[in-house]
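Input: a single structure, listed below in structure tokens.
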Amino acid sequence: MKWSFVITACLVLGWQEKKPIELSVIGFYNLENLYDTIDNPIVNDDEFTPNGGKHYSGEIYNNKLFKLAYVLKDFGVQIHPRGAAILGVAEIENDTVLNDLVNHFLIRSKKYQVIQFDSKDARGVDVGLLYQSDYFHPYYAQALEVSLPQKSKEAYFTRDILYVKGKLSGEEIHIYVNHWPSRRGGEERSAPARAAAALLCRVHADSIRRSNIAAKIIVMGDLNDNPTDNSIIETLGATGDLKKLHAGIFFNPWIQYYNRGIGTLANRDVWGLFDQILLSQPFFDSTSNNWKFLKAGIYHHPFMTENTGRYKGYPMRTWDGNHYRGGFSDHYPTYVVLKR
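Quick note, the sequence shown lines up with residues 852 to 1191 if you use the working numbering.
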């Protein structure tokens, strides 16, 4: 069911009815190491097995699924009764864990479908897309392999970028789900790796814009950089100022959040805002009756936040080293709202 309302007014010439306003929620969530318990000999997932350092049991796995489903059951429902129509996810091992998640009894009624490809990431973590087929109909998906510069990272392979094209309630949109290389080894040393991911995403998006200047493109993900970093502002091409927005770059609503000290994750009492959703210029065309950007937000509740210890006030994490903290994720999810 689509959430809509109708406003009517009594005029001299009779009743005039406005068209219903339709809303859609698009989200992103880093699920923090959603692994299954089975050892995959191709990747380094040993710690997430019963015999590994974390003693990762079926009980822990099921509890992790419950915690994530508990968040997702209400994610976006304050805007649309069915919640997020589309949800990009990161730090998932495979399609098995995503299918287990979407079939959890807490969110089964949403009937989420899954798009996921296995990448060559050394730890075996990937990105994926969940979508409600009542609203979004994908008809093309591709994994874009990120080639890392030499000496930029210890591991040569990183997560692919997931590209999906489909129709959101009848209108075509393009979606990129990203999880750029981490800052492990130092922010400066690892920066070229994130720049490589940003450049690949931009080059691919530019190829779409060249064939259709009105293409509606959404770039989302854990970018492992903040909204004001060069990889996003310069390499990907983004601005937080609508007056400076043009067809070749993206609007990034998270710059204003970050400049106010608001973030989605914290480290050593410093907040970062790595989890971002950016939109192309056509989402701001005031003359169009199709999907337009309305607002952006960070989804968090007190139950998702650490209430004790050294991480007090941070997102409640799943792990503290090898100790199972029993939280949800060390990232808060983000979302944008579209209207038409």
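Glycine included, each C-beta is placed from N, C-alpha and C at the ideal position.
Q: With a threshold of 16 other CB atoms inside 10 Å of the CB of Val1121, please say whether the residue is buried or exposed.
A: Residue mapping note: residue 1121 aligns to position 270 of the sequence shown, counting from 1. So Val1121 ends up on the exposed side.
Q | Beta-bridge partners of Ile1106, as assigned by DSSP | A | Walking along the sequence shown from the start, residue 1106 turns up at place 255. Bridge pairing for Ile1106: absent [DSSP].
(Q) Just to confirm my understanding: we take Ser960, look at its own chain, exclude 5 residues before and 5 after, and list those with CB closer than 7 angstroms. What are they? (A) Residue 960 sits at position 109 when you count from the first residue of the sequence shown. Counting only Cβ-Cβ distances below 7 angstroms, and skipping sequence neighbours, we find nothing.
Q | Alpha-carbon to alpha-carbon, Ala1065 and Val997 | A | Locating residue 997 in the sequence shown gives position 146, where the first residue counts as 1. Locating residue 1065 in the sequence shown gives position 214, where the first residue counts as 1. C-alpha separation (whole angstroms): 26 angstroms.
Q | Contact under 9 angstroms by Cβ, Asp1092 with Arg1045 | A | The count along the sequence shown starts at 1 and reaches residue 1092 at position 241. The count along the sequence shown starts at 1 and reaches residue 1045 at position 194. Arg1045 sits away from Asp1092, with the two beta carbons spaced by 9 angstroms or more.
Q: State the Cα-Cα distance for the pair Tyr841 and Arg1168, rounded to the nearest angstrom.
A: A question about residue 841 goes unanswered here, because the residues of the chain that appear run from 852 up to 1191.
**Q.** The alpha helix (DSSP H) enclosing Val928, as first and last residue numbers
**A.** Locating residue 928 in the sequence shown gives position 77, counting from the first residue. Element bounds for Val928: n/a, residue is neither H nor E.
Q) With a CB to CB cut of under 8 angstroms and the five nearest residues on each side skipped, what residues in its chain are close to His1182? A) As a first step, residue 1182 is located in the sequence shown; it is residue number 331 there, counting from the start. Hits under 8 angstroms: Tyr880, Asn881, Glu883, Asp1073, Thr1115, Leu1116, Phe1125, Asp1126 and Pro1166.
**Q.** Runs of beta strand (DSSP E) lying entirely within the stretch 918-979, each at least 3 residues, in chain order
**A.** The qualifying runs are 937-943 and 963-967.
Q) Taking the C-alpha atoms as reference points, what is the distance between Ile858 and Ile872? A) Numbered from 1 along the sequence shown, position 7 holds the residue referred to as residue 858. Numbered from 1 along the sequence shown, position 21 holds the residue referred to as residue 872. Only weak support is given to the placement of Ile858: the predicted model assigns it a pLDDT of 38, under 50, and the value that follows is read from those uncertain coordinates. Ile858 and Ile872 have their C-alpha atoms spaced approximately 10 angstroms apart.
Q: Kindly indicate which three-state DSSP category Val997 falls into: helix, strand or coil?
A: Along the sequence shown, one-based indexing puts residue 997 at 146. The DSSP-derived three-state label of Val997 is coil.
Q. Would a C-beta distance cut-off of 9 angstroms place Ala1049 and Tyr1014 closer than the cut-off?
A. For this step, residue 1049 is matched to residue 198 along the sequence shown. For this step, residue 1014 is matched to residue 163 along the sequence shown. Not closer than 9 angstroms, so no.
**Q.** For Thr859, three-class secondary structure by DSSP
**A.** Locating residue 859 in the sequence shown gives position 8, counting from the first residue. Its pLDDT being 38, under 50, Thr859 is placed unreliably in this model, and the value from its coordinates should be taken loosely. Thr859: strand per DSSP, three-state reduction.
Q | Rounded straight-line distance, which links the Cα of Thr947 to that of Ser1020 | A | Within the sequence shown, residue 1020 is the residue found at index 169, counting from 1. Within the sequence shown, residue 947 is the residue found at index 96, counting from 1. Cα to Cα, the separation comes out at about 28 angstroms.
Q | Range covered by the alpha helix (DSSP H) that runs through Leu1116 | A | On the sequence shown, position 265 is the one that residue 1116 refers to. Taken as a continuous stretch (DSSP letters only), Leu1116 belongs to no alpha helix (DSSP H), being part of the beta strand (DSSP E) at Leu1116 to Asn1118.
Q.
Check this for me: beta carbons of Ala935 and Leu923, under 9 angstroms apart or not?
A. The residue given as residue 935 occupies position 84 in the sequence shown. The residue given as residue 923 occupies position 72 in the sequence shown. Judged by beta-carbon spacing, Leu923 lies within the 9 angstroms limit of Ala935, meaning their Cβ atoms are closer than that value.
Q. Do the stretch 1146-1162 and the stretch 905-915 make contact, defined as three or more Cβ pairs closer than 8 angstroms?
A. The stretch 1146-1162 is not in contact with the stretch 905-915.
Q. What residue range is occupied by the uninterrupted beta strand (DSSP E) comprising Glu898?
A. What you label residue 898 is simply residue 47 of the sequence shown in a count that begins at 1. That residue, Glu898, is in no beta strand (DSSP E); it is neither H nor E in DSSP.
Q. Three-state secondary structure (DSSP) at Met1167?
A. Indexing the sequence shown from 1 puts residue 1167 at position 316. Secondary structure at Met1167: coil, using DSSP grouped into helix, strand and coil.
Q: Give the straight-line distance between the Cα atoms of Ile877 and Pro1078, rounded to the nearest whole angstrom.
A: By 1-based counting over the sequence shown, the position of residue 877 is 26. By 1-based counting over the sequence shown, the position of residue 1078 is 227. C-alpha separation (whole angstroms): 19 angstroms.
Q | Cutoff 8 angstroms; reference Asn950; Cβ partners in own chain excluding five residues on either side | A | Against the sequence shown, residue 950 aligns to sequence position 99. Cβ neighbours of Asn950 beyond the five flanking positions: Val965.
**Q.** Coil, strand or helix - Thr1159 by DSSP
**A.** As a first step, residue 1159 must be located in the sequence shown, where it is residue number 308. When DSSP states are grouped into helix, strand and coil, Thr1159 belongs to the coil group.
Q.
In the DSSP output, which residue or residues are listed as bridge partners for Val876?
A. In the sequence shown, the residue the question calls residue 876 occupies position 25. Looking at the DSSP assignment, Val876 forms a beta bridge with Val1188.
Q) For Asn1173, is the classification buried or exposed, using 16 other Cβ atoms within 10 angstroms of its Cβ as the cut-off for buried? A) As a position in the sequence shown, residue 1173 is number 322, starting the count at 1. Asn1173 should be labelled exposed.
Q. Would the beta-carbon of Ile1106 fall within 9 angstroms of that of Ala1089?
A. To locate residue 1106, count along the sequence shown from 1; it is residue 255. To locate residue 1089, count along the sequence shown from 1; it is residue 238. Result yes, Cβ atoms of Ile1106 and Ala1089 sit closer than 9 angstroms.
Q.
Below 8 angstroms, is the gap between the Cβ of Phe899 and the nearest heavy atom of the ligand NAD?
A. Of the ligands one can find in the structure shown there are none, so the ligand NAD has no counterpart to examine.
Q | N-terminal and C-terminal residue of the alpha helix (DSSP H) that His1055 is part of | A | The residue labelled residue 1055 in the question sits at position 204 within the sequence shown. First-last of the alpha helix (DSSP H) with His1055: Glu1038 to Ser1062.
Q) In this structure, does DSSP put Tyr986 in helix, strand or coil? A) Within the sequence shown, numbered from 1, the residue matching residue 986 stands at position 135. Here Tyr986 carries a coil assignment [DSSP, helix/strand/coil].
Q: Verify whether the separation of the beta carbon atoms of Arg1191 and Lys1143 is less than 9 angstroms.
A: If you number the sequence shown from 1, residue 1191 lands on position 340. If you number the sequence shown from 1, residue 1143 lands on position 292. For Arg1191 and Lys1143, yes; Cβs fall inside 9 angstroms.
Q: Measuring alpha carbon to alpha carbon, tell me which of Lys1094, Ala1098 and Ile1069 ends up nearest Ser1062.
A: Within the sequence shown, residue 1062 is the residue found at index 211, counting from 1. Comparing Cα positions, the closest option is Ala1098.
Q: Would you decide whether Phe1135 is buried or exposed? Buried here means 16 or more other CB atoms lie within 10 Å of its CB.
A: Along the sequence shown, one-based indexing puts residue 1135 at 284. Exposed: under 16 other Cβ atoms inside 10 Å.
**Q.** Backbone CA spacing between Gly1148 and Arg1034 [nearest angstrom]
**A.** Taking the sequence shown and counting its residues from 1, the one referred to as residue 1148 is at position 297. Taking the sequence shown and counting its residues from 1, the one referred to as residue 1034 is at position 183. A straight line joining the alpha-carbon of Gly1148 with that of Arg1034 spans about 25 angstroms.
Q. Is DSSP giving Gly1131 helix, strand or coil here?
A. Counting from one through the sequence shown, the residue named residue 1131 turns up at place 280. Looking at the sequence provided, one finds Ser at residue 1131 rather than Gly. In the structure shown, Ser1131 falls within a strand segment according to DSSP collapsed to helix, strand and coil.
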